[in-house]
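Numbering follows our numbering, in which position 87 of the sequence shown is assigned residue number 113; successive positions increment by one, without gaps.
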Amino acid sequence: MTEATPAFLETTIRAALVLVSGLCVLCSYRVIRGPTNPDRVVALDAIATNVVAIAVLFALLTGRGLFVTVSLVLAIIGFIATVAVAKFVTEGEVIE
27 MTEATPAFLE
37 TTIRAALVLV
47 SGLCVLCSYR
57 VIRGPTNPDR
67 VVALDAIATN
77 VVAIAVLFAL
87 LTGRGLFVTV
97 SLVLAIIGFI
107 ATVAVAKFVT
117 EGEVIE
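What follows is the structure, encoded as structure tokens:
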């Protein structure tokens, strides 16, 4: 972080990183033990969203804008993957 950044902001960002990482672990449990396939798809989407949040928080912590670009790419890939898996679960095939 830069010199002008308050210490409580850095602490808050680090706490948010820990919290979002823990949420990824909880979502991975739902992916493994989900009772239905739609539950697994939703958990995978939540993991993708949490990874985007981790990239943005890391960009805030380090001050590097590259991680914002990475988070945008991850968000697009996560959305496309979620749509493809949801279509596969509901219809049995992705491309007709």
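Ideal Cβ positions, reconstructed from N, Cα and C, are used throughout, including at glycine. Every value quoted in this text rests on a predicted model; they were computed, and no experiment measured them.
Going along the chain, which residues of its own chain have a beta-carbon closer than 6 Å to the beta-carbon of C50, five neighbours each way excluded?
Cβ contact annotation for C50 (same chain, cutoff 6 Å, sequence separation greater than five): I73, N76, in chain order.
For F93, which residues in the same chain have their Cβ closer than 6 Å to its Cβ, ignoring the five residues on either side in sequence?
In the same chain as F93, and ignoring 5 residues on each side of it, the C-beta atoms closer than 6 Å to its own belong to A81, F84, A85, in chain order.
Report, in whole angstroms, the separation of the C-beta atoms of T108 and D71, which I expect to be a contact under 8 Å.
Confirmed, Cβ separation roughly 4 Å.
Best match in F114, G60, I39 for proximity to A79 [C-alpha to C-alpha]
In terms of Cα proximity to A79, the closest of F114, G60, I39 is I39.
G104 lies in the alpha helix (DSSP H); which residues open and close that run?
Following the DSSP letters along the chain, one finds G104 inside the alpha helix (DSSP H) bounded by residues 92-117.
Tell me the residue span of the alpha helix (DSSP H) that contains T38.
In the DSSP annotation of this structure, the continuous segment of the alpha helix (DSSP H) that includes T38 starts and ends at 33-59.
Within a Cβ cutoff of 6 Å, which residues of the same chain sit near V101, ignoring the five residues on either side of it in sequence?
In the sequence as presented, Val is not what sits at residue 101; that position holds Ala. When the five nearest sequence neighbours on each side are left out, the beta carbons in the same chain lying within less than 6 Å of the beta carbon of A101 are those of V78, in order along the chain.
Using 9 Å as the threshold, is the C-beta distance between V68 and R56 below it?
Contact flag set, yes.
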